[in-house]
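Take a look at the structure below.
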């Protein structure tokens with residue numbers, strides 16, 4: 005095993021270090037965030053930083069930079085207080101990656117990548133038609149992370165659109181059956197293969213595999 | 005496709021809703037966080053909320069509740085300002101899940117689950133010997149998320165211990181080759197299968213598959 009210490013990290017060339025550090029947090033979720041600006045131009049951008057914050061209230065967050073390529077997403081969310089999160093699947097992972105290109109404000113990533121906007125009455129942000137599990141959120145808070153000048157954008161889930169068969173008896177959603185992909189590092193995409201669900205862990209006995217429906 | 009609206013969400017039974025909402029953010033990283041208290045008792049707890057925040061400075065965060073089962077982790081980090089993050093792999097995913105049981109403060113999850121603490125000189129938190137990619141962090145900040153009374157704990161990476169062969173020419177770490185697993189929902193564990201790495205996306209041309217070493 006290689007031990008990279010603080011000094012090695014200080015002396016590491018920048019692009020190399022960026023790849024290394026981006027690999028450390030493990031597999032990351034791959035999601036497209038859909039927004040719309042005041043002029044009605046849709047925006048779509050891939051994020052690997054979407055994170056579950058809690059079920060009650062149903063809160064999800066993501067990390068963004070104020071001045072990065074994804075700034076359109078942030079600007080639009082500030083304007084409309086609304087965004088959608090759409091899980092990326094094997095049918096459009098390359099198109100999803102392409103949304104990270106630096107398109108201009110008046111260019112729409114849907115047009116550029118061939119993905120289809122799905123507009124739902126009462127929701128001021130576009131979903132991605134091709135995604136099999138997606139949801140709309142209302143902006144709750146933008147928390148500055150001053151250590152590196154990033155922001156955590158937090159939304160409350162208002163609507164969920166999901167393939168019905170993927171929702172199991174106990175509420176677990178089989179995102180593997182929806183071919184949801186994940187990211188490692190900056191640019192590697194992966195599919196999944198289930199080992200098992202496991203029973204709730206208790207101190208006095210070992211947890212055991214349970215069925216996809218949550219049954220022992 | 006099923007459309008679950010705000011009203012449906014309000015009326016959803018609690019355990020069912022917890023499963024649903026936990027499935028929405030996509031695949032989550034599976035990591036064991038190692039800490040040590042003042043008395044020298046090691047603690048180990050699984051977290052699916054570890055998130056990359058930035059490469060320079062090298063910052064990683066995770067979400068915790070002040071009063072949850074993982075409170076020992078938080079208390080220990082406050083005491084020593086140090087923690088380790090260890091990617092879970094296929095060799096110990098069940099033992100890793102077992103660390104989520106509510107053991108007492110004076111019970112050590114290493115003893116209870118059979119995992120092996122690895123102590124490194126100068127680092128006041130234990131690594132997990134069985135993990136093939138792990139790193140130590142120095143506490144930087146604890147940011148309260150008042151919306152749901154959670155906390156984001158942010159650390160700066162000081163040391164990385166990683167299987168040498170997994171680090172590719174451009175710094176990308178092939179965590180798939182290290183059999184790193186991921187989580188969906190609350191309790192489902194998965195392995196990965198790479199689709200491909202993709203080239204950096206530019207507006208004027210489609211990104212294309214690149215080799216594991218980052219070469220076109």
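Chains as they are written, first to last, in the numbering used here: chain U, 5 to 220; chain R, 5 to 220. Cβ atoms here follow ideal geometry from the backbone N, Cα and C, with glycine treated the same way. Treat the numbers as computed from the prediction; the structure is a model and nothing was measured.
- Residue contact check for residue 119/R against chain U: no CB pair falls below 8 Å.
- Ranking 51/U, 58/U, 111/U, 125/U by CA distance to the CA of residue 101/U puts 51/U first.
- For residue 75/R, the nearest beta carbon of chain U is not closer than 8 Å to its own beta carbon.
- Close partners of residue 206/R in chain U (Cβ separation under 7 Å): 105.
- At least one C-beta of chain R is nearer than 8 Å to the C-beta of residue 61/U.
- By the CB criterion at 8 Å, residue 185/U and residue 64/U fall outside the cutoff.
- In this chain, the beta strand (DSSP E) harbouring residue 192/U covers 192-202.
- Burial check for residue 110/U: the Cβ neighbour count within 10 Å stays below 16, so the residue is exposed.
- Per DSSP, the continuous alpha helix (DSSP H) segment holding residue 22/R begins and ends at 18-28.
- Note on geometry: alpha-carbon atoms of residue 218/U and residue 215/R lie some 39 Å from one another.
- Unbroken alpha helix (DSSP H) stretches of 4 residues or longer found wholly inside the region 33-87 of chain U: 75-84, given in chain order.
- By DSSP's assignment, residue 90/R forms a beta bridge with 36/R, 138/R.
- As DSSP reads the structure, residue 14/U sits in no beta bridge.
- As a beta-bridge residue in DSSP terms, residue 166/U pairs with 137/U, 6/R.
- Secondary structure at residue 96/R: coil, using DSSP grouped into helix, strand and coil.
- Between the alpha carbons of residue 96/R and residue 59/R lies a gap of roughly 28 Å.
- Listed along chain R is no residue with a C-beta nearer than 7 Å to that of residue 38/U; the closest approach is about 15 Å.
- Listed by position along chain R, the residues whose Cβ is nearer than 8 Å to that of residue 161/U are 13, 25, 28.
- With respect to chain R, the C-beta atom of residue 51/U has no partner C-beta closer than 8 Å.
- Comparing alpha-carbon positions, the option among 21/R, 213/R, 208/R, 7/R lying closest to residue 108/U turns out to be 208/R.
- The beta-bridge partner set that DSSP reports for residue 145/R consists of 158/R.
- Within chain U, the residues placing a beta-carbon under 8 Å from that of residue 166/R are 5, 6, 8, ordered along the chain.
- Burial state of residue 178/R is buried, judged by a 10 Å Cβ sphere holding 16 or more other Cβ atoms.
- Contact between residue 61/U and residue 152/R holds: their C-beta atoms lie close to 6 Å from each other, under 8 Å.
- Taking all protein chains in view, the Cβ of residue 123/R is surrounded by fewer than 16 other Cβ atoms within 10 Å, so the residue is classified as exposed.
- With respect to the 8 Å criterion, residue 89/U and residue 138/U are classified as neighbours on the basis of their beta carbons.
- Per the C-alpha coordinates, the member of 98/R, 154/R, 129/R, 115/R positioned closest to residue 70/R is 154/R.
- If you look at residue 116/R, you'll find it in the alpha helix (DSSP H) that goes 113-117.
- For residue 181/R, there is no enclosing beta strand (DSSP E), since its DSSP letter is neither H nor E.
- The Cβ atoms of residue 40/U and residue 129/U lie closer than 8 Å to each other.
- Counted as a single uninterrupted DSSP element, the stretch harbouring residue 211/R is not any beta strand (DSSP E), since DSSP gives it neither H nor E.
- Against chain R, the CB of residue 134/U has no partner CB under 8 Å away; the residue lies outside that interface.
- Sorting 114/U, 174/U, 7/U, 106/U by C-alpha distance to the C-alpha of residue 36/U places 114/U at the top.
- In terms of Cβ geometry, residue 31/U and residue 29/R do not form a close pair [threshold 8 Å].
- No residue range can be given for residue 104/R, since it is assigned to no beta strand (DSSP E) and is classified by DSSP as neither H nor E.
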